[in-house]
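Mapping of the sequence shown onto the numbering used here: residues 3 to 172, in sequence order. Glycine included, each C-beta is placed from N, C-alpha and C at the ideal position.
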Amino acid sequence: MGRTEAPVPRGSSQWPSWAAVIVSSVTLVATLWFHHLDRNAAINDRLLEHRRAALFDALRVIDDVYSNEPIGRDGRAPSPHNWDIQLARDADNQMRVYCQFPETLTSFRTALGLHSPETQKSSGISLAALDQFRMQVALELGLPGPVGRDKDLAWITSLTGATSQPGTAK
3 MGRTEAPVPR GSSQWPSWAA VIVSSVTLVA TLWFHHLDRN AAINDRLLEH
53 RRAALFDALR VIDDVYSNEP IGRDGRAPSP HNWDIQLARD ADNQMRVYCQ
103 FPETLTSFRT ALGLHSPETQ KSSGISLAAL DQFRMQVALE LGLPGPVGRD
153 KDLAWITSLT GATSQPGTAK
(Lines of atoms letter the chains of each structure in order from A and count residues from 1; the text may use other names and numbers.)
(Lines give C-alpha, C1' and ligand atoms only; values in the text may rest on other atoms or scores of the structure.)
Protein backbone atom coordinates (compact mmCIF):
# COMPACT_ATOMS: atom_id res chain seq x y z
CA MET A 1 0.00 0.00 0.00
CA GLY A 2 1.17 3.35 -0.86
CA ARG A 3 1.34 6.22 1.43
CA THR A 4 -0.93 9.05 0.77
CA GLU A 5 -0.34 12.47 2.09
CA ALA A 6 -3.08 14.58 3.44
CA PRO A 7 -4.01 17.34 1.11
CA VAL A 8 -2.57 20.74 2.05
CA PRO A 9 -5.25 23.38 2.28
CA ARG A 10 -4.60 26.25 -0.04
CA GLY A 11 -2.73 29.26 1.42
CA SER A 12 -2.71 28.09 5.02
CA SER A 13 0.71 27.06 6.37
CA GLN A 14 3.01 29.49 4.49
CA TRP A 15 1.73 32.70 6.14
CA PRO A 16 3.20 32.12 9.65
CA SER A 17 6.67 31.39 8.25
CA TRP A 18 6.59 34.47 6.00
CA ALA A 19 5.38 36.61 8.87
CA ALA A 20 8.30 35.38 11.00
CA VAL A 21 10.78 36.26 8.22
CA ILE A 22 9.27 39.72 7.80
CA VAL A 23 9.22 40.44 11.54
CA SER A 24 12.80 39.27 12.03
CA SER A 25 13.97 41.31 9.00
CA VAL A 26 12.26 44.45 10.26
CA THR A 27 13.73 43.85 13.73
CA LEU A 28 17.23 43.46 12.26
CA VAL A 29 16.91 46.64 10.19
CA ALA A 30 15.57 48.58 13.19
CA THR A 31 18.39 47.29 15.41
CA LEU A 32 21.00 48.33 12.85
CA TRP A 33 19.35 51.74 12.40
CA PHE A 34 19.24 52.44 16.15
CA HIS A 35 22.85 51.27 16.51
CA HIS A 36 23.80 53.70 13.74
CA LEU A 37 21.92 56.54 15.46
CA ASP A 38 23.55 55.74 18.83
CA ARG A 39 27.00 55.65 17.22
CA ASN A 40 26.43 59.01 15.48
CA ALA A 41 25.13 60.53 18.72
CA ALA A 42 28.24 59.32 20.57
CA ILE A 43 30.51 60.79 17.89
CA ASN A 44 28.63 64.10 17.99
CA ASP A 45 28.86 64.17 21.79
CA ARG A 46 32.64 63.68 21.61
CA LEU A 47 32.98 66.39 18.96
CA LEU A 48 30.89 68.79 21.02
CA GLU A 49 33.06 68.10 24.07
CA HIS A 50 36.23 68.84 22.05
CA ARG A 51 34.59 72.00 20.69
CA ARG A 52 33.57 73.10 24.19
CA ALA A 53 37.10 72.52 25.53
CA ALA A 54 38.65 74.46 22.62
CA LEU A 55 36.29 77.40 23.12
CA PHE A 56 36.86 77.62 26.86
CA ASP A 57 40.61 77.37 26.29
CA ALA A 58 40.21 80.33 23.94
CA LEU A 59 38.33 82.27 26.63
CA ARG A 60 41.20 81.56 29.07
CA VAL A 61 43.67 82.91 26.51
CA ILE A 62 41.58 86.06 26.15
CA ASP A 63 41.62 86.43 29.95
CA ASP A 64 45.43 86.17 29.95
CA VAL A 65 45.73 88.79 27.21
CA TYR A 66 43.26 91.19 28.83
CA SER A 67 45.03 90.80 32.18
CA ASN A 68 48.19 92.14 30.56
CA GLU A 69 46.62 94.98 28.56
CA PRO A 70 46.03 98.48 29.85
CA ILE A 71 42.30 98.65 30.55
CA GLY A 72 40.49 101.40 32.34
CA ARG A 73 41.19 104.99 33.19
CA ASP A 74 44.53 104.47 34.93
CA GLY A 75 46.11 102.95 31.81
CA ARG A 76 47.56 100.00 33.71
CA ALA A 77 47.20 96.30 33.12
CA PRO A 78 44.91 94.81 35.79
CA SER A 79 47.04 91.76 36.63
CA PRO A 80 50.15 91.44 34.50
CA HIS A 81 51.69 88.00 34.37
CA ASN A 82 53.64 85.80 32.00
CA TRP A 83 51.83 83.02 30.19
CA ASP A 84 52.69 80.50 27.49
CA ILE A 85 51.70 81.66 23.99
CA GLN A 86 51.42 78.02 22.97
CA LEU A 87 48.07 78.05 24.81
CA ALA A 88 46.79 80.56 22.23
CA ARG A 89 48.18 78.53 19.35
CA ASP A 90 46.59 75.36 20.72
CA ALA A 91 43.21 77.07 21.14
CA ASP A 92 43.45 78.48 17.61
CA ASN A 93 44.31 75.05 16.17
CA GLN A 94 41.55 73.30 18.09
CA MET A 95 38.95 75.84 16.99
CA ARG A 96 40.07 75.42 13.37
CA VAL A 97 39.43 71.68 13.66
CA TYR A 98 36.34 71.46 15.88
CA CYS A 99 34.30 74.63 15.35
CA GLN A 100 31.46 74.76 12.84
CA PHE A 101 31.56 78.45 11.93
CA PRO A 102 34.53 80.38 10.49
CA GLU A 103 33.21 83.48 12.27
CA THR A 104 34.24 81.88 15.56
CA LEU A 105 37.92 81.98 14.68
CA THR A 106 37.58 85.51 13.29
CA SER A 107 35.81 86.62 16.46
CA PHE A 108 38.54 85.05 18.64
CA ARG A 109 41.27 86.86 16.73
CA THR A 110 39.37 90.14 16.91
CA ALA A 111 38.95 89.76 20.67
CA LEU A 112 42.72 89.26 20.96
CA GLY A 113 43.40 92.34 18.82
CA LEU A 114 45.28 90.26 16.25
CA HIS A 115 46.00 91.85 12.89
CA SER A 116 48.44 91.66 9.99
CA PRO A 117 50.84 94.61 10.40
CA GLU A 118 51.47 94.71 6.63
CA THR A 119 47.83 95.12 5.66
CA GLN A 120 45.85 96.14 8.74
CA LYS A 121 45.89 98.75 11.43
CA SER A 122 45.82 97.47 15.02
CA SER A 123 42.44 97.86 16.62
CA GLY A 124 43.65 96.59 19.99
CA ILE A 125 41.42 94.70 22.36
CA SER A 126 37.90 95.69 23.21
CA LEU A 127 35.26 94.52 25.61
CA ALA A 128 32.75 94.61 22.75
CA ALA A 129 34.90 92.10 20.84
CA LEU A 130 35.04 89.87 23.94
CA ASP A 131 31.26 90.06 24.23
CA GLN A 132 30.90 89.16 20.54
CA PHE A 133 33.20 86.14 21.00
CA ARG A 134 31.09 84.94 23.93
CA MET A 135 28.00 85.14 21.72
CA GLN A 136 29.84 83.11 19.07
CA VAL A 137 30.83 80.52 21.70
CA ALA A 138 27.17 80.13 22.67
CA LEU A 139 26.23 79.70 19.00
CA GLU A 140 28.92 77.03 18.52
CA LEU A 141 27.61 75.12 21.52
CA GLY A 142 23.98 75.41 20.47
CA LEU A 143 23.11 77.57 23.48
CA PRO A 144 21.10 80.76 23.75
CA GLY A 145 23.18 83.93 23.93
CA PRO A 146 25.15 84.68 27.08
CA VAL A 147 23.34 86.35 29.96
CA GLY A 148 24.51 89.49 31.75
CA ARG A 149 25.51 91.42 28.67
CA ASP A 150 26.64 94.74 30.09
CA LYS A 151 29.32 96.61 28.13
CA ASP A 152 30.59 98.21 31.32
CA LEU A 153 30.93 94.88 33.14
CA ALA A 154 32.03 92.63 30.27
CA TRP A 155 35.27 91.58 31.94
CA ILE A 156 36.40 91.49 35.58
CA THR A 157 39.53 93.60 35.94
CA SER A 158 40.03 93.13 39.67
CA LEU A 159 38.33 92.14 42.89
CA THR A 160 39.38 93.02 46.42
CA GLY A 161 41.66 90.36 47.85
CA ALA A 162 41.93 88.39 44.59
CA THR A 163 45.26 87.23 43.26
CA SER A 164 46.16 87.45 39.59
CA GLN A 165 47.42 83.87 39.45
CA PRO A 166 46.95 80.99 41.86
CA GLY A 167 49.55 81.29 44.59
CA THR A 168 50.57 84.88 43.81
CA ALA A 169 49.73 88.08 45.62
CA LYS A 170 48.74 91.27 43.94
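> If L30 sits next to D59, beta carbons under 8 Å apart, how far is it from one beta carbon to the other, in whole angstroms?
Replying inline: L30 to D59, Cβ: 44 Å. No contact.
>> Report the start-end ranges of each alpha helix (DSSP H) in the region 99 to 133 that is 4 residues or longer and not cut off at the edges.
In response: If you keep only unbroken alpha helix (DSSP H) runs of at least 4 residues inside the region 99 to 133, you get 104 to 114.
> Does the separation of the CB atoms of L114 and W157 fall below 7 Å?
Replying inline: Cβ atoms of L114 and W157: not closer than 7 Å.
> Between which two residues does the alpha helix (DSSP H) harbouring A60 extend?
Replying inline: Looking at the DSSP string, the run of the alpha helix (DSSP H) that includes A60 is Q16 to N70.
> Quick one: Cα of T108 to Cα of L39, how far?
Replying inline: Cα-Cα distance, rounded: 33 Å.
> Nearest to S79 by alpha carbon, out of Y68, D86, I87 and W85?
Replying inline: Contrary to the premise, residue 79 reads as Ala rather than Ser in this sequence. Checked all of Y68, D86, I87 and W85; the closest Cα to A79 is Y68.
> If you run the structure through DSSP and keep just helix, strand and coil, what is D92?
Replying inline: For D92, the three-state secondary structure derived from DSSP is helix.
>> DSSP three-state label for A156, please.
In response: Shown here, A156 sits in coil according to DSSP, grouped into three states, outside any helix or strand.
> How close, in whole Å, do the beta carbons of T112 and A131 come, if the pair is a contact with beta carbons under 8 Å?
Replying inline: Yes, they are in contact, since the Cβ atoms of T112 and A131 sit about 5 Å apart, within 8 Å.
> Nearest to Q134 by alpha carbon, out of V149, Q122, S124 and T121?
Replying inline: The residue with the shortest Cα to Cα distance from Q134 is V149.
> Which of helix, strand or coil does DSSP assign to V139?
Replying inline: V139 carries a helical assignment under DSSP once its states are collapsed to helix, strand and coil.
> Are I64 and T159 closer than 7 Å when you measure CB to CB?
Replying inline: I64 is not a Cβ neighbour of T159, given a cutoff of 7 Å.
>> Quick check on this structure: which residue in R151, L161, G144 and G163 has the alpha carbon closest to the alpha carbon of D47?
In response: Nearest Cα to D47 within the set R151, L161, G144 and G163: G144.
> Got a sec? Which residues, its chain only, sit under 6 Å from P82 by beta carbon, not counting five neighbours each side?
Replying inline: Once the five neighbours on either side are set aside, the close Cβ partners of P82 are N70.
> Going by the CB atoms, is the gap between L49 and V139 shorter than 7 Å?
Replying inline: Result no, Cβ atoms of V139 and L49 do not sit closer than 7 Å.
> Residues in its own chain within less than 8 Å of F2 by CB, not counting five upstream and five downstream?
Replying inline: In the structure as shown, the chain begins at 3 and stops at 172. Residue 2 is therefore absent and cannot be evaluated.
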